[in-house]
Structures are given as structure tokens and as C-alpha cells.
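Numbering (our numbering), first residue to last: 7 to 159.
Each remark here refers to the structure printed beneath this line.
Okay, here's the thing in C-alpha cells:
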């Protein structure tokens with residue numbers, strides 16, 4: 007368990023630091039909250055005009071008493087959904103997650119969601135559904151979802 011936690015820390019630190027170094031070509035770094043399964047802190051750092059690294063440090067309310075850490079590379083599709091104010095791209099991606107609990111889980115995530123970008127404030131609101139394939143300790147399918155808001159610095 008200690009080795010898994012150390013590997014996870016290294017993975018998430020690398021993902022976060024690499025996204026921070028790319029922020030000069032992005033539209034900012036956002037930090038906020040997400041509610042759903044799991045619930046917690048959300049971050050997003052734009053790495054290009056339509057790509058970003060997003061992630062979270064969350065906890066589960068479903069009786070698992072688990073801390074979830076995840077990071078995803080996501081791509082946004084602008085222009086498919088028209089709105090009067092702001093922008094509403096949909097997005098998809100691929101990432102990894104670790105659930106730290108009695109029997110910890112490591113797996114892959116495939117987030118799909120909508121991201122409303124407020125036109126006159128540094129905010130975005132998102133909703134996503136995330137199929138997950140746990141690879142350790144057993145191969146199993148799970149799904150999660152969340153609604154969140156982030157403030158951009």
C-alpha cells in the first residue's frame with residue numbers, strides 16, 4: 007500500500023507540474039469543487055486551444071470510505087453546441103485514477119462531458135460521466151459522474 011501511494015504521488019505530481027509548465031500557451035488554471043460520486047476538489051489547466059489536463063482529489067460517499075485521485079488529458083469540441091453567451095464545448099479524454107481504500111484500486115478513466123464557459127467571469131461549470139476500468143487488484147468496470155465549478159486564475 008505504501009509503495010502504491012508513493013507511485014500515485016509521483017504520477018499526480020508529474021502530471022500537475024507538467025501541466026503548470028504549459029500554462030503559458032493556455033487560457034489559465036482553474037480550481038474548484040465537484041459533487042457527485044466522488045466529491046471533492048477539481049483542477050484544470052489548459053495546455054492548448056482545445057486541450058487540457060484536469061484532475062481531482064476527491065472522496066467517496068457511497069460507503070467505500072475511499073479517497074480518489076485522478077488526472078485526465080481531455081480534448082474539447084467547440085462549435086458543436088451553440089449558446090447565446092459564453093461557450094459550451096463537449097469534451098472527451100483518457101486518464102488514470104487511484105482509489106485509496108482497504109483494498110486500493112488503480113484504473114483507467116474515460117471522461118465525457120459538457121463544459122459551460124461563462125463569458126463575463128473567469129468561471130466554468132461542467133458535468134461529466136466517467137466510465138472506469140479498474141486494473142488492480144482485479145479487473146472490473148465502474149462508472150462515476152460529477153457536476154462542478156472552477157474559478158480561473
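Glycine residues also receive a C-beta, built at the ideal position from the N, C-alpha and C atoms.
Here the C-alpha atom of residue 67 lies approximately 35 Å from the C-alpha atom of residue 91. 120 is the residue among 43, 120, 37 and 142 whose C-alpha sits nearest the C-alpha of residue 93.
Taken through DSSP and simplified to helix, strand or coil, residue 50 comes out as strand. Per the DSSP secondary-structure output, residue 109 pairs with nothing in a beta bridge. Two segments are said to touch when three or more pairs of C-beta atoms, one from each, lie closer than 8 Å; by this definition the region 70 to 81 touches the region 98 to 106.
Here DSSP, grouped into helix, strand and coil, assigns residue 62 to strand. Looking at the DSSP output, residue 152 shares a beta bridge with 42 and 134. Our two residues, residue 144 and residue 88, have alpha carbons roughly 42 Å apart in a direct line. Rounded to whole angstroms, the separation of the alpha carbons of residue 158 and residue 123 is 11 Å. Going by DSSP, residue 79 is part of the beta strand (DSSP E) stretching over 73 to 83.
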